[in-house]
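A.B. asks: Count along the sequence shown starting at 1, add 1462, and that's the number in this note's numbering.
C-beta: ideal position from N, C-alpha, C; glycine also.
As the structure is a computational prediction, the values presented were derived from the model and not from experiment.
Structure below; questions to follow.
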Amino acid sequence: MADAFKSFSKTATGSLTAVYTVPTANEGAVPPVLPTTAIIKSIRLSNQSGGGVATTVSILDYDASSPLDIEIFKDTLADGAESEILTQPIILEQQDAVKILGNGVKILVSLMEIS
């Protein structure tokens, strides 16, 4: 059963920026942080910047030996455009992250965390 349903929103900047990172397990912390899996249900983009914006959304597949950014969306988002970029859920493990690049583009990420 899900432990938490969350939504995060952020306005992108001119550099690839993490919007959400899956918590890293630390059972010695107070309170303890249990191993967590996140199911990303929706990633929605909105451009209200006044012009078209080149936008990239990627997933950081964290692996201690070789982290890898995987692009899931790369296009120019027209002024006033909104876009849902997921057709299927994405499963993330600890330290994986959702990132965005696109100056002035707003991103909304809806997810479920399971610990």
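What is the rounded straight-line gap between the Cα of Asp1541 and the Cα of Lys1472?
C.D. replies: Taking the first residue of the sequence shown as 1, we reach residue 1541 at position 79. Taking the first residue of the sequence shown as 1, we reach residue 1472 at position 10. Distance between the alpha carbons of Asp1541 and Lys1472: 17 angstroms.
A.B. asks: Identify the continuous beta strand (DSSP E) that holds Glu1544 and give its terminal residues.
C.D. replies: Counting from one through the sequence shown, the residue named residue 1544 turns up at place 82. Counting along the chain, the beta strand (DSSP E) containing Glu1544 begins and ends at 1544-1546.
A.B. asks: Shortest alpha-carbon distance to Val1567 belongs to which of Ala1466, Thr1479, Ser1469?
C.D. replies: As a position in the sequence shown, residue 1567 is number 105, starting the count at 1. Cα-wise, what sits closest to Val1567 is Thr1479.
A.B. asks: Given a cut-off of 8 angstroms, decide if Ser1572 and Ser1504 are closer than it, judged by their beta-carbon atoms.
C.D. replies: The residue you call residue 1504 lines up with position 42 of the sequence shown. The residue you call residue 1572 lines up with position 110 of the sequence shown. Closer than 8 angstroms, so yes.
A.B. asks: Starting from Leu1507, trace the beta strand (DSSP E) in both directions and tell me its first and last residue.
C.D. replies: Stepping through the sequence shown from its first residue, residue 1507 is reached at position 45. That run of the beta strand (DSSP E) goes 1499-1509.
A.B. asks: In the DSSP assignment, find the unbroken beta strand (DSSP E) run with Tyr1524 in it and report its ends.
C.D. replies: Numbered from 1 along the sequence shown, position 62 holds the residue referred to as residue 1524. Here Tyr1524 belongs to no beta strand (DSSP E), and DSSP marks it neither H nor E.
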